[in-house]
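Taking our numbering, I'd label the letters of the first sequence as residues 148 to 704. All C-beta atoms in this analysis are idealised placements derived from N, C-alpha and C, irrespective of residue type, glycine included. A quick write-up on the structure given underneath.
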Amino acid sequence: MLEKENIGSNFVENAINEDLKNEKYTEGIHTRFPPEPNGYLHIGHAKSICLNFGLARNFTGKCNLRFDDTNPTKEDTEYVDSIQEDVKWLGFKWDEQHYASDYFQRLYDFAVELIKRGKAFVCDLSSDEIREYRGTLTEPGKESPYRNRTVEENLDLFQRMKAGEFPDGSHVLRAKIDMASPNITMRDPVLYRIAHAEHHRTGNEWCIYPMYDFAHPLSDAIEGITHSVCTLEFEEHRPLYDWLLESLGFEVGKRPRQIEFARLNLTNTVMSKRKLRQLVEGGYVSGWDDPRMPTISGLRRRGYTPAALRDFCERIGVAKSNSLVDVAMLEHCVREDLNEQADRVMAVLEPLKVVITNYPEGQTEYLEAENHPTRGGHRFVPFSREIYIEREDFEENPPKKFFRLKPDGEVRLKHAYIIKCEEVIKDADGNIVELHCTYDPESKTGGATAGRKVKGTLHWVDAKSALQAEVRLYDYLLLTDENGNTPDDFLSALNPNSLRVIKDAMVEPSLKHIAEGTRYQFLRKGYFCVDKDTTPEHLVFNEVVGLRDTWAKVKKD
RNA sequence: UGGGGUAUAGCCAAGUUGGUUAAGGCACGGGACUUUGACUCCUGCAUUCGUUGGUUCGAAUCCAGCUACCCCAGCCA
């Protein structure tokens with residue numbers, strides 16, 4: 148079998164290597180990604196997806212997509228569609244697609260078999276009673292008075308549960324294990340419950356539904372899964388997982404093995420479905436795909452690339468310790484990808500008009516501008532007497548080391564000329580409304596005399612031909628303490644400035660007809676992605692992530 | 001105070017059977033380059049592995065105790 152190089156190795160791969168070495172799973176390894184279709188996928192799921200599909204790839208095995216749809220009251224096809232879309236978008240192809248609901252009949256048969264083997268019984272206790280009988284963390288539970296029914300009685304009752312003779316909550320099928328077990332999961336866990344509810348796929352065919360603990364190991368076994376990777380909270384369920392497979396006669400070394408890893412936590416955001424739902428339903432964000440959301444759909448809309456997400460999942464590793472990954476790691480991954488992929492264009496977010504007084508009135512020239520510093524390609528950008536520069540690129544009283552534009556100062560306009568600030572025009576309130584500059588005709592980019600050096604280089608757009616655009620700037624959804632922690636009451640930590648909309652940014656005219664989803668680097672600002680709200684008349688950009696800004700740090704000192 | 005887990009730098013994380021100076025990445029600092037204060041490139045960043053003892057010529061790795069944090073009492077997954 149393929150053994151991976153030590154790069155990116157993790158304990159799950161080590162465990163699989165060990166299994167292989169011991170000649171287990173000789174048919175090859177088989178994993179699965181088993182989401183419940185009750186919500187949208189987020190970056191924590193991406194970690195699991197990358198892990199499971201990555202294992203299949205690294206060991207030349209297979210990976211299934213299986214919808215764990217055993218709870219009809221919470222699930223919906225809307226989610227199965229979005230989940231499939233997200234997995235595909237991330238760049239993975241599943242070998243087989245299944246639904247736990249496809250196995251309802253087989254699962255029922257397994258339950259019957261379990262009853263026949265005397266390992267399960269129908270219990271008439273109410274859910275409150277079951278809870279009382281279960282005991283507590285420190286005290287053992289008590290056995291149900293229905294625990295010793297005969298196999299025949301159990302068979303009859305279970306069949307009648309299935310036939311719909313009983314109302315919800317009146318009966319339940321339970322495993323017969325050990326009410327005194329220190330592991331609460333093993334205290335005669337519920338295997339089946341009655342729910343007269345319509346299932347999104349099986350409709351009203353069933354009125355009893357298996358619990359996760361019952362359906363999961365058996366679904367894994369049915370599919371020939373070798374390594375069932377899940378998160379840490381299922382660790383104490385593993386004895387039950389193994390008990391069921393053992394009780395039903397699945398052979399050790401061939402039956403699936405459950406391995407648990409720590410779920411992803413990221414600073415400045417929340418990751419639980421419940422909290423994400425709260426954000427959406429409370430109107431704190433525009434929806435599941437709000438670009439500030441850590442959902443796959445949100446990240447996609449924000450402009451993150453699948454490659455960046457995969458790289459991120461690779462870099463954070465897989466282990467068993469609870470961890471909180473700095474969101475800076477994620478940002479680094481997109482920057483690295485987009486630095487390579489994104490074409491450069493010029494856009495001025497907060498325009499300040501500059502009149503070049505010695506430039507001929509009415510003249511426009513088209514300057515060659517490279518699209519990418521290493522990959523090449525070029526376009527022509529118009530330049531004329533009036534342009535816009537970034538408001539923050541001019542300071543009347545500049546701090547030390549400010550090498551942008553200042554009174555009597557010189558600066559290079561990217562792809563164009565060196566200009567000198569001659570006059571600052573203000574309105575009656577003293578606000579700077581315009582700059583009058585002169586340009587050096589000898590300094591034109593690419594020309595024979597372009598060699599003169601000035602310290603600063605600014606981006607700009609031609610005033611006459613620039614396009615107005617809406618630009619949405621994002622900051623973290625949540626404010627965190629120095630340790631990156633969010634309070635339990637996370638809504639109190641919502642960042643009031645997580646979204647800033649600029650309606651009147653000016654972008655170069657080459658951006659006239661662009662496709663939704665296209666990503667650019669706005670020179671000296673950051674990476675931006677064309678939002679789906681864009682129309683032929685109205686451009687809308689989302690900030691993916693800003694460029695690293697050393698000046699911002701220097702300025703603070 | 002039952003059971004199950006986890007502890008290696010500010011943050012992730014390698015370190016499998018004990019053996020030279022404890023990988024790598026992020027962040028951060030210093031420098032070079034620069035018509036993006038970007039990118040890139042150099043360079044620095046744990047005498048120490050939660051803690052205390054023990055075994056050993058030798059321990060992050062083995063043993064014992066202690067401490068901290070996470071998870072479990074859904075007919076959710």
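Checklist entry - Which first and last residues belong to the beta strand (DSSP E) in which Leu560 is found? => result For the purposes of this step, residue 560 is taken as residue 413 along the first sequence, with counting starting at 1. It spans Glu557 to Leu560 - the beta strand (DSSP E) in which Leu560 sits, taken as one unbroken run.
Next on the checklist: Starting from Pro364, trace the alpha helix (DSSP H) in both directions and tell me its first and last residue.
Outcome noted: Working through the first sequence from its first residue, we reach residue 364 at position 217. Run containing Pro364: Tyr359 to Glu370, per the alpha helix (DSSP H) assignment.
Checklist entry - Count the other CB atoms within 10 Å of the CB of Glu655; is the residue buried (16 or more) or exposed (fewer)? => result The residue given as residue 655 occupies position 508 in the first sequence. It is buried - the Cβ of Glu655 has at least 16 other Cβ atoms within 10 Å.
Next on the checklist: Taking 6 Å as the limit between beta carbons, can you name the residues of its chain near Phe200, skipping five residues before and five after?
Outcome noted: Translated into the one-based positions of the first sequence, residue 200 becomes position 53. The residues are Cys210 and Phe239.
Checklist entry - Between Val227 and Pro184, is the Cβ-Cβ spacing less than 7 Å? => result By one-based count along the first sequence, residue 227 stands at place 80. By one-based count along the first sequence, residue 184 stands at place 37. Val227 places its beta carbon less than 7 Å from that of Pro184.
Checklist entry - Do Arg94 and Arg281 have their C-beta atoms closer together than 7 Å? => result Given a span of 148 to 704 for the chain in the structure shown, any question on residue 94 remains unanswerable.
Checklist entry - Span of the alpha helix (DSSP H) holding Thr705? => result Given that the chain is displayed from residue 148 to residue 704, the structure contains no residue 705 and the question cannot be resolved.
Next on the checklist: Given the structure, does Lys702 come close to the ligand SAM, in the sense that its CB is under 6 Å from one of the ligand's heavy atoms?
Outcome noted: Here there are no bound small molecules, and the ligand SAM is not part of this structure.
Item to check | Contact check, Pro529 vs Thr511, beta carbons under 7 Å | outcome: For the purposes of this step, residue 529 is taken as residue 382 along the first sequence, with counting starting at 1. For the purposes of this step, residue 511 is taken as residue 364 along the first sequence, with counting starting at 1. Cβ atoms of Pro529 and Thr511: closer than 7 Å.
Item to check | For Asn199, the first and last residue of its enclosing alpha helix (DSSP H) | outcome: Counted from its first residue, the first sequence places residue 199 at position 52. Start and end: Ile190 to Asn205.
Checklist entry - Three or more C-beta pairs closer than 8 Å, one from the segment 664–676 and one from the segment 625–641: is that the case here? => result no
Checklist entry - Between which two residues does the alpha helix (DSSP H) harbouring Met308 extend? => result Translated into the one-based positions of the first sequence, residue 308 becomes position 161. From DSSP, the alpha helix (DSSP H) with Met308 extends over Val298 to Lys309.
Checklist entry - Are Ser531 and Ile565 close, meaning C-beta to C-beta below 7 Å? => result Against the first sequence, residue 531 aligns to sequence position 384. Against the first sequence, residue 565 aligns to sequence position 418. No, Cβ-Cβ distance for Ser531 and Ile565 is not below 7 Å.
Next on the checklist: Checking 7 Å against the spacing of the C-beta atoms, do Lys567 and Glu581 come in under that value?
Outcome noted: Along the first sequence, one-based indexing puts residue 567 at 420. Along the first sequence, one-based indexing puts residue 581 at 434. Contact flag unset, no.
Item to check | Residue from Ser195, Asn205, Thr585 and Tyr621 whose Cα sits closest to the Cα of Ser375 | outcome: In the first sequence, counting from the first residue as 1, residue 375 sits at position 228. The shortest C-alpha separation from Ser375 is found at Ser195.
Next on the checklist: Determine whether the beta carbon atoms of Val254 and Pro182 lie at a separation below 7 Å.
Outcome noted: In the first sequence, the residue the question calls residue 254 occupies position 107. In the first sequence, the residue the question calls residue 182 occupies position 35. The displayed chain sequence assigns Leu, not Val, to residue 254. Cβ atoms of Leu254 and Pro182: not closer than 7 Å.
Next on the checklist: Taking the alpha-carbon of Arg179 as reference, which of Cys377, Gln252 and Glu276 has the nearest alpha-carbon?
Outcome noted: As a working mapping, residue 179 is identified with position 32 in the first sequence. When only C-alpha atoms are compared, the closest one is Cys377.
Item to check | Close-in-space but distant-in-sequence residues of the same chain around Glu663 (CB under 8 Å, 5 per side omitted) | outcome: What you label residue 663 is simply residue 516 of the first sequence in a count that begins at 1. The answer, listed in chain order, is Val677, Asp678, Lys679 and Thr681.
Item to check | 3-residue-minimum beta strand (DSSP E) runs that sit fully inside the segment 239–324, ordered along the chain | outcome: With a minimum length of 3 residues, the continuous beta strand (DSSP E) runs that stay inside the segment 239–324 are 244–246, 267–270 and 319–322.
Next on the checklist: Within 8 Å, do at least three Cβ pairs link the segment 590–610 to the segment 485–500?
Outcome noted: yes
Checklist entry - Going by C-alpha distance, which of Gln231, Asp325 and Lys561 is nearest Arg294? => result In the first sequence, residue 294 corresponds to position 147, counting from 1. Nearest C-alpha to Arg294: Asp325.
Checklist entry - What residue does the alpha helix (DSSP H) around Tyr226 start on, and which one ends it? => result The residue labelled residue 226 in the question sits at position 79 within the first sequence. Residues Thr224 to Trp236.
Item to check | Segments of 3+ residues assigned as beta strand (DSSP E) that fall wholly inside the segment 565–649 | outcome: 565–573, 579–587, 607–609 and 614–621
Checklist entry - Looking only at DSSP bridge pairs, what is Gly693 linked to? => result Here residue 693 refers to the residue found at position 546 of the first sequence. Looking at the DSSP assignment, Gly693 forms a beta bridge with Gly673.
Checklist entry - Is Asp215 helix, strand or coil by DSSP? => result The residue you call residue 215 lines up with position 68 of the first sequence. Coil at Asp215, not helix or strand.
Checklist entry - Do you know whose CA, among Pro287, Pro554, Ala563 and Gly400, lies nearest Asn169's CA? => result Taking the first residue of the first sequence as 1, we reach residue 169 at position 22. With distances taken between Cα atoms, Asn169 lies closest to Gly400.
Item to check | Local conformation of Gln717 per DSSP, three classes | outcome: Outside the displayed range of the chain (148 to 704) lies residue 717, so it cannot be described from this structure.
Checklist entry - How many angstroms separate the CA atom of Pro453 from the CA atom of Tyr513? => result Indexing the first sequence from 1 puts residue 453 at position 306. Indexing the first sequence from 1 puts residue 513 at position 366. Their backbone Cα atoms lie some 36 Å apart in a straight line.
Checklist entry - Looking only at its own chain, which residues have a Cβ that is under 6 Å from the Cβ of Asn689, when we skip the five neighbours before and after it? => result Translated into positions along the first sequence, residue 689 becomes position 542. Excluding sequence neighbours, Asn689 sits near Pro438, Arg449, Gly450, Arg619, Cys676 and Asp678.
Item to check | Where Asn153 falls: helix, strand or coil (DSSP) | outcome: Translated into positions along the first sequence, residue 153 becomes position 6. Any answer about Asn153 is weak, because its pLDDT of 39 lies below 50 and its placement is not dependable; what the coordinates show is given next. Correct three-state label for Asn153: coil.
Next on the checklist: Measuring straight from C-alpha to C-alpha, what distance separates Trp353 and Glu393?
Outcome noted: Here residue 353 refers to the residue found at position 206 when the first sequence is read from its first residue. Here residue 393 refers to the residue found at position 246 when the first sequence is read from its first residue. For Trp353 and Glu393, the distance between alpha carbons rounds to 27 Å.
Next on the checklist: Can you give me the C-alpha to C-alpha distance between Arg647 and Arg526, rounded to a whole angstrom?
Outcome noted: On the first sequence, residue 647 is found 500 positions in, with the first residue counted as 1. On the first sequence, residue 526 is found 379 positions in, with the first residue counted as 1. Distance between the alpha carbons of Arg647 and Arg526: 30 Å.
Next on the checklist: Taking the straight line between their C-alpha atoms, what separation do you get for Pro588 and Lys422?
Outcome noted: To locate residue 588, count along the first sequence from 1; it is residue 441. To locate residue 422, count along the first sequence from 1; it is residue 275. About 59 Å.
Checklist entry - Exposed or buried, what is Phe408 when buried is set at 16 or more other beta-carbons lying within 10 Å of its beta-carbon? => result Along the first sequence, one-based indexing puts residue 408 at 261. It is buried - the Cβ of Phe408 has at least 16 other Cβ atoms within 10 Å.
Checklist entry - Secondary structure at His479, three-state DSSP: helix, strand or coil? => result If you number the first sequence from 1, residue 479 lands on position 332. In this structure, His479 counts as helix in the three-state DSSP scheme.
Next on the checklist: Can you list, in chain order, the residues of its chain with a C-beta nearer than 7 Å to that of Leu149? Leave out the 5 residues immediately preceding and following it.
Outcome noted: The count along the first sequence starts at 1 and reaches residue 149 at position 2. For Leu149, the predicted model reports a pLDDT of 32, less than 50, meaning its position is unreliable; a value from the coordinates is still stated below. Asn205, Phe206 and Thr207.
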